[in-house]
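**Q** Would you mind keeping the following structure in view while I ask a few things?
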Amino acid sequence: MKSFYKQTTENIIRRINSFFLLLIILEIVLKFLLVTRHKIGWDEFYFLSIVHSFKRNELIQPFQSFHVHLLGWIPGFAENEVVQVIAARCFLLLLLIASGIFLYLISREFLNKSGALFSVFCWLSFSNIINHGASLRADSFCTFFFLLAAFALLRVNRGRLWAAIAGIAMGLSVLVSIKAVIHLASLFALLGFLLFISHQKKLCLKKIALFSALVALTFGLGFILHRQTLVQTTLLAEQDFISRTSSQARVFDEFFPKVGYFSDSLRKNLITWWLLGVGVFYSIFDLKKGTNKRVVVLLAFLVPIFTLPFYRNAFPYYYFFIIAPAILFCGFLPHRILQDFQKTGSKALLLPLAIICLPIAGSAAFHYYKAFNKPNKPQEEILSVVHKMFPAPVPYIDGCSAVSSFPKVGFFMSNWGFENYFAAGKPLFRNILQEQQPQFILADTPHLDFRLPRNHIFFEINHDFFEKDKHVLVNNFVRYWGMIWLPGKVLQNLTAGKQQSFEILIPGPYVVDSSHPVVIDNKNLKPGEKAILTPGNHLIEAKENNQKIVLRWDKIEYIPTTPPPEISTFYGF
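When the letters of the sequence shown are read in order and numbered with this note's numbering, they come out as residues 110 to 682.
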């Protein structure tokens, strides 16, 4: 009878584990579908543009550009940048799956199979992971390397090889992104706790030294080799980059600069955050009782989460970077429930498990539904039109390097980008237009859509250009198709027979769009005819009073025939 009772409880636990595994597989399938359909984020386009800049032998910073070697195959995959990002996302999805496996293996060091599987399920169901996991950002690489290193260090007592693997992994992670030092701090805390509970402290110290040496060696050697592949920058430029990066990563005059995003994550993942807190409580309780001293090492995994009140760029995608492996604390409650069930066989104990599991699954389904309603097809359509209009790369202006295979001019128009722009304290677009001659604007940020009211741009980055820059852009570009603006002039309220001067900054053929003929530089032109305009001042004369004349740059290879997608396609996260 006792054997039958034990067999029955084990069968139930086995079915529960199979159910958790099924949910995990379902989420991976949904994630695959999502990475191929979800809109491309600003940072993803920018991350891709660095790869293209490297391929064009352009000047790029050696810091935070190591991924050009990991993703060098992307530019040849397809012409359209959206398709390129999707290909990269599929590769990063494999890293996400590997990260999930390492999360499970780390969890198994402290939890039973049910608790470990539940932790992975909570991780994949977290709204920030649904929206930003496997995105084309440094976070995808760093999370993988961090979990690999954490797993290796937990096995460090089994041989020096594991310390070496961890050191190499973290050296590579810091090469990909400087913010991986946050993960490094967590791992050094982990090593400190391991040293504290170790009975062979001398041996443990040797392995810590090996880990530290290989982090430094991998980063140092990797950086030197990486730098040799780049167009050389000056040491001063690199020091300036480090200074600006560190100043942007911290905030001294404001506590919890991105508390709104934390509140949003808390609201959307309330049960998961609660379970994480319960797990921390259980681990501290076990520690005080002395029943499981090894659980102290888990507290090291909370270090990245404690950066939230201080890290300036704690945007929604940052939670993918910090939540694992701390999320394994979510597995403590199921671990305890099924431990008690195994002892007592009381099925009433399974009710709380269902109560916490079903809402998490329901929440994940809801967030997947919302994410699928933000498709990347409109972005792909817009970029397809750009490539048809300009078959060969040309300089252009936009907010986030969306046409990554083309040389972007101007700055990355994020919050950080605008702060650097304002810190420079001087207009820059007149010189850009004269010297680099951008051939179109892609208005993928509200700042570049000059039809919008300028008193309040509807975006979280509520900045605008200097007045002189705004004047230069407004007076030298005209809207052509959706988000695409071409060089051009709009001349209004002209007096018939009276010449008026106008300036051209971007030379080329300009087509006349007007209801009546005009005279440009003493040459009669009918509507639809072209004038070849050189840089400098020109004279125009209207045939009718109050005549509106649009001069539009006409050096394009394709005229779109379909209506453009909605303007907000690229906005937001």
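No residue lacks a Cβ here, since even glycine has one placed at the ideal position from N, Cα and C.
Owing to the predicted nature of the structure, the values given are computational and were not obtained by experimental measurement.
Following the continuous alpha helix (DSSP H) through residue 274, name the residue where it begins and the one where it ends.
**A** Segment 269-285, the alpha helix (DSSP H) holding residue 274.
**Q** Specify, as a first and last residue, the run of the alpha helix (DSSP H) that residue 331 falls within.
**A** Looking at the DSSP string, the run of the alpha helix (DSSP H) that includes residue 331 is 310-337.
**Q** What separation, rounded to the nearest whole angstrom, lies between the Cα atoms of residue 253 and residue 290?
**A** Rounded to the nearest angstrom, the two C-alpha atoms are 14 Å apart.
**Q** Based on the DSSP secondary-structure assignment, which residues constitute the bridge partners of residue 609?
**A** Its beta-bridge partners are 649.
**Q** Below 8 Å on the Cβ atoms is my guess for residue 598 versus residue 584; work out the distance and round it to an integer in Å.
**A** Correct: roughly 7 Å between the Cβ atoms.
**Q** Please list the terminal residues of the continuous beta strand (DSSP E) segment that includes residue 375.
**A** Note, residue 375: premise wrong, no beta strand (DSSP E); alpha helix (DSSP H) at 368-377.
**Q** Does the beta-carbon of residue 643 have 16 or more other beta-carbons within 10 angstroms, so that it is buried, or is it exposed?
**A** By the 10 Å Cβ count, residue 643 comes out exposed.
**Q** So the beta strand (DSSP E) residue 548 belongs to, where does it begin and stop?
**A** Run containing residue 548: none; DSSP gives neither H nor E here.
**Q** Closest by CA to residue 208, which one among 260, 177, 165, 320?
**A** Measuring from the Cα of residue 208, the nearest candidate turns out to be 260.
**Q** Along the chain, where does the alpha helix (DSSP H) containing residue 474 start, and where does it finish?
**A** Its alpha helix (DSSP H) spans residues 459-481.
**Q** Beta-carbon separation of residue 446 and residue 467 under 8 Å?
**A** Their beta carbons are not under 8 Å apart, which means residue 446 does not touch residue 467 by this criterion.
**Q** What is the residue span of the alpha helix (DSSP H) that residue 487 lies within?
**A** That run of the alpha helix (DSSP H) goes 486-498.
**Q** Kindly identify the DSSP beta-bridge partner or partners of residue 622.
**A** DSSP output for residue 622 lists 659 as bridge partner(s).
**Q** Check whether the segment 193-205 and the segment 410-425 touch, using three or more Cβ-Cβ pairs below 8 Å as the test.
**A** The segment 193-205 vs the segment 410-425: no contact.
**Q** Flag this pair as yes or no: are the beta carbons of residue 641 and residue 651 separated by less than 8 Å?
**A** The answer is no: Cβ separation not under 8 Å.
**Q** I need the straight-line Cα distance from residue 281 to residue 595, nearest angstrom please.
**A** Looking at the two C-alpha atoms, the distance is approximately 42 Å.
**Q** When you compare the CB positions of residue 105 and residue 184, do they come within less than 8 Å of one another, or not?
**A** Because the chain here runs from 110 to 682, residue 105 falls outside it and cannot be looked at.
**Q** Which residues bound the alpha helix (DSSP H) around residue 442?
**A** It spans 441-453 - the alpha helix (DSSP H) in which residue 442 sits, taken as one unbroken run.
**Q** Applying the criterion that 16 or more other CB atoms from any shown protein chain within 10 Å of the CB defines a buried residue, is residue 272 buried or exposed?
**A** With 16 or more other Cβ atoms within 10 Å, it is buried.
**Q** Is residue 224 closer than 8 Å to residue 526 when the C-beta atoms are compared?
**A** No, these two residues do not count as a Cβ contact at 8 Å.
**Q** Is the segment 548-562 close to the segment 493-508, with three or more CB pairs under 8 Å?
**A** Output reads yes: the segment 493-508 touches the segment 548-562.
**Q** Please classify residue 195: does DSSP put it in a helix, a strand, or coil?
**A** Note: residue 195 maps to helix in three-state DSSP.
**Q** Since residue 649 and residue 668 are thought to touch, with beta carbons under 8 Å apart, how far apart are those beta carbons, to the nearest angstrom?
**A** At roughly 25 Å, the Cβ-Cβ gap does not stay under 8 Å, so residue 649 and residue 668 are not in contact.
**Q** For the pair the segment 361-376 and the segment 213-228, tell me if three or more CB-CB distances fall below 8 Å.
**A** These segments do not touch.
**Q** Assess contact between the segment 172-181 and the segment 126-140, defined as three or more Cβ pairs (one per stretch) separated by less than 8 Å. Is contact present?
**A** The segment 172-181, when compared against the segment 126-140, does not touch it at the 8 Å Cβ threshold.
**Q** Please state the DSSP three-state secondary structure of residue 420.
**A** Of the three classes helix, strand and coil, the one that applies to residue 420 here is coil, per DSSP.
**Q** Since residue 647 contacts residue 593 with CB under 8 Å, what's their CB separation in whole angstroms?
**A** About 25 Å separates the two Cβ atoms, so there is no contact after all.
**Q** State buried or exposed for residue 404, treating a residue as buried only when at least 16 other CB atoms are found within 10 Å of its CB.
**A** Residue 404 is buried by the Cβ-count criterion.
**Q** Please determine if the segment 473-487 and the segment 526-543 are in contact, where contact requires at least 3 C-beta pairs separated by less than 8 Å.
**A** The segment 473-487 is not in contact with the segment 526-543.
**Q** Going by DSSP in three states, residue 665 sits in which element: helix, strand or coil?
**A** Here residue 665 sits in coil by DSSP.
**Q** Rounded C-beta distance between residue 300 and residue 245? I'm assuming under 8 Å.
**A** Wrong, their Cβ atoms sit about 31 Å apart, outside the cutoff.
**Q** Does DSSP put residue 149 in a helix, a strand or coil?
**A** If DSSP states are grouped into helix, strand and coil, residue 149 belongs with coil.
**Q** Can you tell me whether residue 631 is helix, strand or coil according to DSSP?
**A** Of the three classes helix, strand and coil, the one that applies to residue 631 here is coil, per DSSP.
**Q** Within the same chain, show all residues whose beta-carbon is closer than 7 Å to that of residue 434, passing over the 5 residues directly before and after it, in chain order.
**A** Cβ neighbours of residue 434 beyond the five flanking positions: 212, 215, 256, 259, 410.
**Q** Specify the secondary structure class of residue 526 as computed by DSSP and reduced to three states.
**A** Three-state result, residue 526: helix.
**Q** Check this for me: beta carbons of residue 627 and residue 637, under 8 Å apart or not?
**A** Not in contact: residue 627 and residue 637 (Cβ atoms no closer than 8 Å).
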